[in-house]
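A.B. asks:
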């Protein structure tokens, strides 16, 4: 005998309307309630094979230089997994490495599996690589990437505005020679952050100096090695740097410190991401906090709306929070010049 919503209502104690709303991903149902209803529906055999209750979190790799060896992405995945669990959906994680021989076959299998929905982590994705994912038969969403032709739903960081805000913070602290520590793997997020940096400089009537732009590896060790090599040439340094992310900033800070360059007295540094390491280095790294788990949760919530039948294309941008620590010197307090007699520093840890 086919299990009815009324039966699920009797077993769970929730009204038939609440059960129906939960099973159809309607808004207004408490997460814990929805989880209980889905568990009961699954145990009673109500969920049919064609009902999507599984999410595949696919990590795209072009080189792995960004998504490997960083604590950023595990937290993002954790947020997505928790949101799936709260609404009675299962989530599995897989990797799509474009360097593998059967990569295209893996992609075709993924995007034409109608039993699951897909969250594609597109941090290392390019517009050219995205072509293979068009025409997907299953609900799909891009995470940490946005398609230029707006043909996919996307959840990503508000990169340009955040980088602009960080650069404006340096400007407000009296810095005028502001350099840019740019990742040598130019993912879309980094390009957007470069735009924000340039906009802030332009609004201040300043032109970014090419001699202050340094390309570094995107791992902490890679950034350290490249910055060390750069400093060996005794270059002229700006009073501050904005870095594409914390991994790059932390690697560069290590090289600067070993070269006898004090942070922030000689050079100030701002990062992006607020990784756990950033609070424990000395000085603490001023940075932009990205709510990784909220990004993952937002992706799952939007995916549920797509499963429910929402055909609109949305670009959901997650705002960042500025975290002020000790890696930036306030030149307006110390008379406009950095150095050993530069004066006081601001050291305000952002709320954790």
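Numbering (the numbering used here), first residue to last: 5 to 356.
Beta carbons are placed, not taken as given, at the ideal position from N, Cα and C, and that holds for glycine.
Since the structure is predicted, the reported quantities are computational estimates derived from the model, not experimental observations.
(1) Taking residue 337 and residue 290 to be in contact with their CB atoms under 8 Å, please state how far apart those CB atoms are, rounded to whole angstroms.
(2) Here's the rule: buried if 16 or more other CB atoms are within 10 angstroms of the residue's CB, otherwise exposed. What is residue 148?
(3) Note down the Cα distance separating residue 96 from residue 197, rounded to an integer number of angstroms.
(4) I'd like the list of long-range same chain contacts for residue 117, defined as Cβ closer than 7 Å, with 5 residues on each side in sequence excluded.
(5) Quick check on the burial criterion: 16 or more other C-beta atoms within 10 angstroms. Buried or exposed for residue 152?
(6) In angstroms, rounded to a whole number, what distance separates the CA positions of residue 208 and residue 249?
(7) Where does residue 94 sit, in a helix, a strand or coil, going by DSSP?
(8) How many angstroms separate the CA atom of residue 294 from the CA atom of residue 322?
(9) Is it the case that the Cβ atoms of residue 186 and residue 205 are separated by a distance below 9 Å?
(10) Write down every uninterrupted run of the alpha helix (DSSP H) in the region 54 to 132 whose length is 4 residues or greater and which is fully enclosed by it, in chain order.
(11) In this structure, how does DSSP classify residue 320 when only helix, strand and coil are distinguished?
(12) I'd like to know whether the C-beta atoms of residue 103 and residue 65 end up nearer to each other than 9 Å.
(13) Could you tell me the distance, in whole angstroms, from the CA atom of residue 305 to the CA atom of residue 299?
(14) Taking residue 303 and residue 71 to be in contact with their CB atoms under 8 Å, please state how far apart those CB atoms are, rounded to whole angstroms.
(15) Ordered along the chain, which non-local residues of its own chain (more than five positions away) have a Cβ less than 8 Å from that of residue 3?
(16) List, from N- to C-terminal side, the beta strand (DSSP E) runs of 3 residues or more that fit wholly inside the region 215 to 239.
C.D. replies: In brief:
(1) So it is not a contact: roughly 15 Å between Cβ atoms.
(2) buried
(3) 31 Å
(4) Here the set comprises 142.
(5) By the C-beta density criterion, residue 152 is exposed, having fewer than 16 other C-beta atoms within 10 angstroms.
(6) 23 Å
(7) DSSP places residue 94 in strand when its eight states are reduced to three.
(8) 8 Å
(9) no
(10) Listed in chain order, the complete alpha helix (DSSP H) runs (minimum 4 residues) inside the region 54 to 132 are 76 to 90 and 107 to 115.
(11) strand
(12) Contact flag set, yes.
(13) 10 Å
(14) No, residue 303 and residue 71 are not in contact; Cβ-Cβ is about 15 Å, not under 8 Å.
(15) Lying before the first or after the last residue shown, residue 3 is absent from the chain, which here runs from 5 to 356.
(16) 217 to 220
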